[in-house]
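Chains A and B, in that order, give the protein sequences. According to the numbering used here, the stretch in the first sequence is residues 873 to 1020, in order. According to the numbering used here, the stretch in the second sequence is residues 873 to 1020, in order.
Number of protein chains: 2
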Amino acid sequence: MQNSEAMALSAALLAVAGELTQRINDGVVARGFEGMRPAHGFAFARLAPNGATVTDLAAHLGVTKQAASQLVDEIVRKGYAERRPHPDDARARLVVLTGRGWACTRAAEEAAADAVRAWVDVLGEGEVRAMLGQLARIAPCGPIRPTW
Amino acid sequence: MQNSEAMALSAALLAVAGELTQRINDGVVARGFEGMRPAHGFAFARLAPNGATVTDLAAHLGVTKQAASQLVDEIVRKGYAERRPHPDDARARLVVLTGRGWACTRAAEEAAADAVRAWVDVLGEGEVRAMLGQLARIAPCGPIRPTW
DNA sequence: CGAAATGGTCAAGCAGGTTGACCATAGCTT
DNA sequence: AAGCTATGGTCAACCTGCTTGACCATTTCG
């Protein structure tokens, strides 16, 4: 495979990823969750199952724990999450989503589904599902790094 | 297609895009082009063919022209580009890549090819090429927005 | 028990972006 | 040709998100 093809693939992938991010965020905001940024969505993805500590979150986002702590301050102040004492470790604090945080997460899922539906209209459901399979096999396990 | 599938697809796509960005940038730096950030790569992609004005670049990157001008200052200072008078418009200045700028662009292509090769090892060339075709059909035409 | 490691926060600084103001040149309308 | 408006570009001030560095509380291990 030629360098130019690799570059074309990279450009297309990054363009699609950028637009997807934009669409999800726009969709979330349009559903009434103002002041949300894409980084919040990545945080929610980590918090959603069972909550997480600030340090966990920092590792997941690929930033310092101070930055993660600031981000938690923000989503707590806006009512999307709260800090609870950690059941097993008196040093740590477990950050969990509030009801509003869950609602926002569902809004993000809906927005993502809308964006994907647009792809299904162009490619058909089979190809989109195939793409999911392919991407899942090459997706890294490490931290989600929105670093660009 | 369910919301959860759409979310999984989105997460995989963003994870792959994030890692690709990281790998390309690391590869560029490893090839001797220090101090480069992913945003520079997006700028080079626009400058490469025939140069561009600061305003063009700003539209392409989705930032203000002041921000684009600062970025041009930086790549000029580092020797990757230069500002030349615009042939048709005395107000405008055409930003073009220098030899070093072209070398950096080629390094980025090589790094991208390395990253794609890793995918070919997992998926096979056919599926990677199929992915290119699919992505090309859903890629937006608007500005590349690394906004997240 | 005491030393080192870990979870978390506070404070200061930096980097990259934004808004606002401004100048020079183009282009259009008379 | 004259004048108004639009466009390309830069300078300056500010804002936001993240980093580094210092520090305290608690846990873990020798």
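For each residue, glycine too, the CB sits at the ideal point set by N, CA and C. Here the structure is a predicted model, which means the values were calculated and not measured.
Does the distance from the C-beta atom of residue i to that of residue j stay below 8 Å?
{"i": "B:Gly913", "j": "B:Ile896", "result": "yes"}
{"i": "A:Glu999", "j": "B:Gln1006", "result": "yes"}
{"i": "B:Leu919", "j": "B:Ala953", "result": "yes"}
{"i": "B:Leu885", "j": "A:Leu892", "result": "yes"}
{"i": "A:Leu933", "j": "A:Ala940", "result": "yes"}
{"i": "A:Ala887", "j": "B:Ala1011", "result": "yes"}
{"i": "B:Gly951", "j": "B:Arg978", "result": "no"}
{"i": "B:Arg1009", "j": "A:Leu881", "result": "no"}
{"i": "B:Ala917", "j": "A:Ala883", "result": "yes"}
{"i": "A:Cys976", "j": "A:Val900", "result": "yes"}
{"i": "A:Met879", "j": "B:Val992", "result": "no"}
Which of helix, strand or coil does DSSP assign to residue i?
{"i": "B:Arg903", "result": "coil"}
{"i": "B:Pro959", "result": "coil"}
{"i": "A:Pro910", "result": "helix"}
{"i": "A:Ala990", "result": "helix"}
{"i": "A:Gln874", "result": "coil"}
{"i": "A:Gly998", "result": "helix"}
{"i": "B:Ala884", "result": "helix"}
{"i": "B:Ala1011", "result": "coil"}
- Inter-stretch contact at 8 Å, needing at least 3 Cβ pairs: the stretch 983-992 of chain A / the stretch 942-949 of chain A: Judged by Cβ distances under 8 Å, the stretch 983-992 of chain A makes no contact with the stretch 942-949 of chain A, as fewer than three pairs qualify.
- Item | Length-filtered (3 minimum) beta strand (DSSP E) runs lying within the stretch 914-988 of chain B | For the stretch 914-988 of chain B, whole beta strand (DSSP E) runs of length 3 or above, ordered along the chain, are 953-957, 965-969.
- Message: Under 8 Å, with one C-beta from each stretch per pair, do the stretch 963-970 of chain A and the stretch 986-993 of chain A reach the 3-pair mark?
- Response: The stretch 963-970 of chain A, when compared against the stretch 986-993 of chain A, does not touch it at the 8 Å Cβ threshold.
- Task: Mind checking the stretch 973-991 of chain A against chain B and listing, in chain order, the residues whose C-beta falls within less than 7 Å of any C-beta there?
- Result: If the cut-off is 7 Å between Cβ atoms, the stretch 973-991 of chain A has Glu981, Glu982, Ala984, Ala985, Val988, Trp991 near chain B.
- When Cβ atoms are compared, which residues of the stretch 890-903 of chain A fall closer than 8 Å to chain B? So the list reads Gly890, Glu891, Leu892, Thr893, Gln894, Ile896, Asn897, given in the order they occur along the chain.
- Query: Between the stretch 908-941 of chain B and chain A, which residues of the former have a C-beta closer than 9 Å to a C-beta of the latter?
  - Reply: Per Cβ criterion, the list reads Arg909, Pro910, Ala911, Gly913, Phe914, Ala917, Gly934.
- Message: Give me the subset of the stretch 944-966 of chain A whose CB atoms are less than 7 Å from a CB atom of chain B, sorted by chain position.
- Response: Of all residues in the stretch 944-966 of chain A, none is placed with a Cβ closer than 7 Å to any Cβ belonging to chain B.
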